[in-house]
Amino acid sequence: ILSNALYDVQVDGTMVSGTASDSLVNHPGGTVRKSAGSGTSTLDWGFTNLGVLEVQIGTLSLTEGARLEGTYDIGSGSVFRLSSGNFSIADGISLAGQGTMEIVAPLDLGSGTVAADSVTAFNVAGILKGSGIFNANSNITLAGGDLQETVTLNLHQPATLAGSMSLQGNTAVSYTHLRAHETEADL
């Protein structure tokens, strides 16, 4: 998607690439938007976002992994889901909007810092790995999964522990607010 171009997903369903090596690259200045359909739209090919990604309604699900850079705006009641594949995220990225970000697949934070500033909810059931720092400045649900390598997860708003989470390597979790369905020892 070239600069100033728009790829507007207006249907629910799965969009499949023509070949296994196909991928979608959203260049700086380009926009990928889900603007219609209250269900799930799935992008079933590799994806690199260097521009803007907007989820205005329903769920946008990525199933073949992605390199996440650029800008993210998840609208109220909407979901941006990393479903399957391997995902990496750029240093300094900020996730905004009033929607929900769901991590089901492995997400490599690299060595940078990621801020989930104003996303209403952040659900983690997958793997966070790398040597980076993940600052959850919004409500977060930890529904299992793993923290691997030297990831630091900072919880600055209420967190819900809906399952056990495995800490591997020199990982760390710090929190200022906690709503626990299980004990702190389950961290």
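First residue of the sequence shown? That's 846 in our numbering, and the numbers climb one at a time after it.
Glycine included, each C-beta is placed from N, C-alpha and C at the ideal position.
Computed from a predicted structure; not experimentally measured.
- Under DSSP, Ala911 forms a beta bridge with Phe892, Phe932.
- The residues Thr908, Ala950, in chain order, have a CB closer than 6 angstroms to that of Ser929 in the same chain once the five nearest residues on each side in sequence are set aside.
- When Trp890, Thr958, Val856 are compared, the shortest CA-CA separation from Val996 is found for Thr958.
- With respect to the C-alpha of Gly882, the residue from Gly922, Asn871, Gly910 having the closest C-alpha is Gly922.
- The C-beta separation of Leu940 from Tyr917 comes to about 5 angstroms, placing the pair in contact by the 8 angstroms criterion.
- According to DSSP, residue pairing for Glu899 in a beta bridge involves Arg878, Asp918.
- For Asn999, the enclosing beta strand (DSSP E) has its first and last residue at 997 to 1000.
- Non-local beta-carbon contacts of Asp857 in its own chain, meaning distances under 8 angstroms to residues more than five positions away in sequence, involve Gly882, Ser883, Gly884, Thr885, Ser886, Gly903 in chain order.
- Under DSSP, Thr885 takes part in a beta bridge, and its partners are Thr904.
- In this structure, Ile934 places its C-beta atom within 8 angstroms of the C-beta atom of Leu954.
- Here Val949 is not bridged, per DSSP, to any residue.
- For Asp853, the secondary structure class from DSSP, reduced to helix, strand or coil, is strand.
- With contacts defined as CB atoms closer than 8 angstroms, Gly944 and Val969 fail to qualify as a contacting pair.
- Annotated three-state conformation of Gly858 is strand, per DSSP.
- Using a 10 angstroms sphere on the CB of Gln855, the tally of other CB atoms stays under 16, which defines it as exposed.
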